[in-house]
Amino acid sequence: MRRLVAVLVLILVLVALFMSSASVTGKELEGKRVLMVVAPEGYKEEELSVPSGIFKDSGAEVVVASTRAGIARGMSGGEVAVNLSVSDVNISDYDAIVIVGGVGSMKYLWDDSELRDMVRAAHDNHKTVAAICLSPVVLARAGILRDKECTALAYIFMTMMERVSHNGGI
């Protein structure tokens, strides 16, 4: 339940960021393009479908990317067509990037150097960059969370603290 609330808050924040000129038509994101990045296996279906639906209903075009093209498989057996691989993304084509969570994030996204480079480029170009559930680690590893507050699943902080401590960082 707490995770669902966190996802909904994230969605509201993203929509608010895009609403600089909200219209009465309900298409506040008309003309905007949102890139949603999923793990090729083990993404959390509702962390893709809920925000994607809201973005589309608000007029945005949603494009799905992953570390490889083809079909991505979710944790509960759902599937989504991947429009392009992270290596083929041109960041200037998008207004926002949302990195979807799920257990596959740890295996496929946390250590992906191309994804980290893309996140840095988006941040450097003043794009909206967000991550859900397990995926804020990607933002941290890309170095864009310095001096910023962030929320994530508690497991992430325990895991990261263990790794930092083990590597002599504490």
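Taking our numbering, the leading residue of the sequence shown gets 8, the next gets one more, and so forth. C-beta: ideal position from N, C-alpha, C; glycine also.
Beta bridge counterpart(s) of residue i as assigned by DSSP
i: Ala-147; result: Paired residues: none, contrary to the question.
i: Ala-137; result: Val-105
i: Ser-92; result: Ser-73
i: Tyr-115; result: Paired residue(s): none; Tyr-115 is not in a bridge.
i: Glu-68; result: Arg-40
Residue i, DSSP secondary structure in three states
i: Glu-86; result: strand
i: Leu-152; result: coil
i: Ala-79; result: strand
i: Glu-37; result: coil
i: Val-126; result: helix
i: Val-45; result: coil
i: Val-171; result: Residue confidence for Val-171 is low, a pLDDT of 44 falling below 50, so the modelled location carries little weight and cannot support an answer.
Cβ-Cβ distance between residue i and residue j below 9 Å
i: Gly-109; j: Ala-161; result: no
i: Val-105; j: Thr-74; result: no
i: Leu-91; j: Ala-76; result: yes
i: Ala-103; j: Lys-39; result: yes
i: Met-82; j: Lys-51; result: yes
i: Ala-159; j: Val-144; result: yes
i: Val-71; j: Phe-62; result: no
i: Leu-206; j: Asp-100; result: Summary: the structure shown does not reach residue 206, with the chain confined to residues 8 through 177, and so no result is reported for it.
i: Arg-148; j: Arg-123; result: yes
i: Glu-48; j: Tyr-115; result: yes
Whole-angstrom C-beta distance between residue j and residue i, which should lie under 8 Å
i: Lys-55; j: Val-107; result: Per the sequence shown, residue 55 should be read as Leu rather than Lys. The Cβ separation is near 5 Å, so the contact holds.
i: Leu-189; j: Ser-65; result: With the chain covering only 8 through 177, there is no way to say anything about residue 189.
i: Asn-132; j: Ile-78; result: Contact doesn't hold; Cβ gap of about 30 Å is too wide.
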